[in-house]
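Taking UniProt numbering, the leading residue of the sequence shown gets 1, the next gets one more, and so forth. For each residue, glycine too, the CB sits at the ideal point set by N, CA and C. Bear in mind that the values here come from a model prediction, so they are computed numbers and not experimental data. Beneath this line is the structure, given in C-alpha cells, with notes to follow.
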Amino acid sequence: MTRPELKTDPKYDDYDYPTTAPEVQSGHPGHTTPEQDAQVFQLRTQLEQAGYKERLDTLCMLRFLRARKFNVDLAKQMFIDCEKWRKEFGVDDLVRNFDYKEKPQVFEYYTQYYHKTDKDGRPVYIEQLGKIDLAAMYKITTGERMLQNLVVEYEKLADPRLPACSRKSGQLLETCCTIMDLKGVGITKVSSVYGYVKQASAISQNYYPERLGKFYLINAPWGFSSVFGVVKGFLDPVTVQKIHVLGSNYQTELDKQVPKENLPKIFGGTCDCKGGCALSDEGPWQDPEWKKPPKWEQPSKTSQPTTTTTAPAPQAASNAGTQAEIKGAQQAPMGS
1 MTRPELKTDP
11 KYDDYDYPTT
21 APEVQSGHPG
31 HTTPEQDAQV
41 FQLRTQLEQA
51 GYKERLDTLC
61 MLRFLRARKF
71 NVDLAKQMFI
81 DCEKWRKEFG
91 VDDLVRNFDY
101 KEKPQVFEYY
111 TQYYHKTDKD
121 GRPVYIEQLG
131 KIDLAAMYKI
141 TTGERMLQNL
151 VVEYEKLADP
161 RLPACSRKSG
171 QLLETCCTIM
181 DLKGVGITKV
191 SSVYGYVKQA
201 SAISQNYYPE
211 RLGKFYLINA
221 PWGFSSVFGV
231 VKGFLDPVTV
241 QKIHVLGSNY
251 QTELDKQVPK
261 ENLPKIFGGT
271 CDCKGGCALS
281 DEGPWQDPEW
291 KKPPKWEQPS
301 KTSQPTTTTT
311 APAPQAASNA
321 GTQAEIKGAQ
331 QAPMGS
C-alpha cells in the first residue's frame, strides 16, 4: 500500500524528519482531504498578503486549522494573535538567550521536566504538584521568569525535541505524553497557584495549539474523578479521549504507555538518571544519532507584517475555558 505523504510547499517546507502522522486522522499530516489542502493554501495565502513570512509551513498551518476546526478565518485570526504575542513577549530572543539558572532551586517546590519517550515515541513531560509553594518560589525567581521558562521549553519542544523523536520513530510526532502527579495536592495549594496556571493556560491554548497527546493525572485525590466527570461535559470530545484520571493504583495503566526503563523510579519505573531524572533532560534530542541543531539558532527573518494592518480582533475560543486550564496546567511550564 502506498504510504500517504504530506502535501508540501517548497517555499516554506524544509523538514529533516518524517512528515506523515502515524494514525489516520482527518486533517493530520499525510491524511488530509483535497478540501483541507485547499484550506491550507487559502490560509497561507491570506497570511502572506498580510505580510507574514515565517511559520507558514504546512505542519504549522495544519495545527492552527485543526485548532479552529478548519475555519480559515478563525485560524487566520489565531495565527495573527500568536505572532503579535510572540513579538511583544520577545520569544525569538528568549529561546536563544534565556538562562534559567535558578531551575534546580525552583524544582524543589515545583518539579516539571521532559524525560525520555513513551511507547509511541513521544516526549514524556512530568509535573509534580505536591510540593508546590509559590511563596517560597518567589524568593528564588519571579512569575515572569517562570512564564519565560514555559515559553522557552515550548519552543524547545517544537525544535529540537519533537523532530528528534520523529527521526527516531520514523513517523511524525507533534504531541507529548504528559504525567501530572497530584500526590499531596490540596485545595489550598490549587487556589494559591491559580493565577500562574491561568496565565500559563492562556499561553498553551492560544499560542501552542495541538500539542496535547496523552495526559495522565495520577494520584488523583478522592472525589477528583467525580468533579472531572462534570468538567468533561465542557470539553471537546477529542480532548476528553486523551485524558486519563487515575488514583494511586495508576501503575498498570501507565505501564501500558511508558516503558519501565523510561519511567523514573519515583513513578514505579526503573530509570535513575545520574544527577536525577528531573534535571537530566534525557531523550532522543540529546542523542547524536537523532539530534540536529534547532532552526531557531539560525538567523530569522521578520515575521511581522511589512504593511500597516488593523489591530487583530479578540481570538475566538474553540473550547470552554476549562479546557484551556487543563491543557495549560498539563504543560505549564514546559509542555506536552
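Pairing K260 with V72, the inter-Cα distance amounts to about 43 Å. Of A158, I80, K139 and D81, the smallest CA-CA separation from Y109 is found for K139.
Where E83 is concerned, the enclosing alpha helix (DSSP H) starts and stops at V72 to F89. Close CB contacts of T19 within its chain, under the 6 Å cut and outside five residues either way in sequence, are with L6, P29 and L172 (chain order). Between M61 and the set R145, G51, F41 and G184, the nearest pair of CA atoms involves F41. Minimum Cα-Cα distance from A220 among the listed residues E144, T141, G275 and I179 corresponds to I179. For P123, the enclosing beta strand (DSSP E) stretches over residues P123 to Q128.
In the three-state reduction of the DSSP assignment, L56 falls in the coil class. A direct Cα-Cα distance of roughly 10 Å separates R161 from D281.
The Cβ atoms of W290 and A164 lie closer than 8 Å to each other. With contacts defined as CB atoms closer than 8 Å, P209 and L157 fail to qualify as a contacting pair.
In the DSSP assignment, F215 forms a beta bridge with T178 and I243. For Q39, the uninterrupted alpha helix (DSSP H) segment begins and ends at P34 to Q49. For a cut-off of 8 Å, the C-beta gap from T117 to G283 is around 6 Å, short enough to register as a contact. Ranking W222, S169, G130 and C176 by CA distance to the CA of V185 puts G130 first. T141: not part of any beta strand (DSSP E); DSSP gives it neither H nor E. Distance check between Y114 and each of P294, Q298 and W285 places W285 closest, using alpha-carbon atoms only. Where Q105 is concerned, there is no enclosing beta strand (DSSP E), although the alpha helix (DSSP H) around it starts and stops at K103 to V106. Counting only residues of its own chain and dropping the five nearest sequence neighbours on each side, E127 has a CB closer than 6 Å to the CB of Q112 and M180.
DSSP places K69 outside both helix and strand once states are collapsed to three, so it counts as coil.
Taking a 10 Å sphere around the C-beta of S248, we find fewer than 16 other C-beta atoms and assign the residue as exposed. In this structure, Y12 is the residue among V258, Y196, Y12 and V91 with its C-alpha nearest to the C-alpha of T45.
K265 has its alpha-carbon roughly 6 Å from the corresponding atom of C271. If you draw a straight line from the Cα of V106 to the Cα of P22, it is about 36 Å long.
In the structure shown, the three-state DSSP call for Y154 is helix.
DSSP places Y109 outside both helix and strand once states are collapsed to three, so it counts as coil. Looking only at D99, K76 and P34, the smallest Cα-Cα distance to G51 is reached by K76. Around the CB of V258, 16 or more other CB atoms lie within 10 Å, so the residue is classed as buried.
CA-CA distance, L59 to Q25, rounds to 14 Å.
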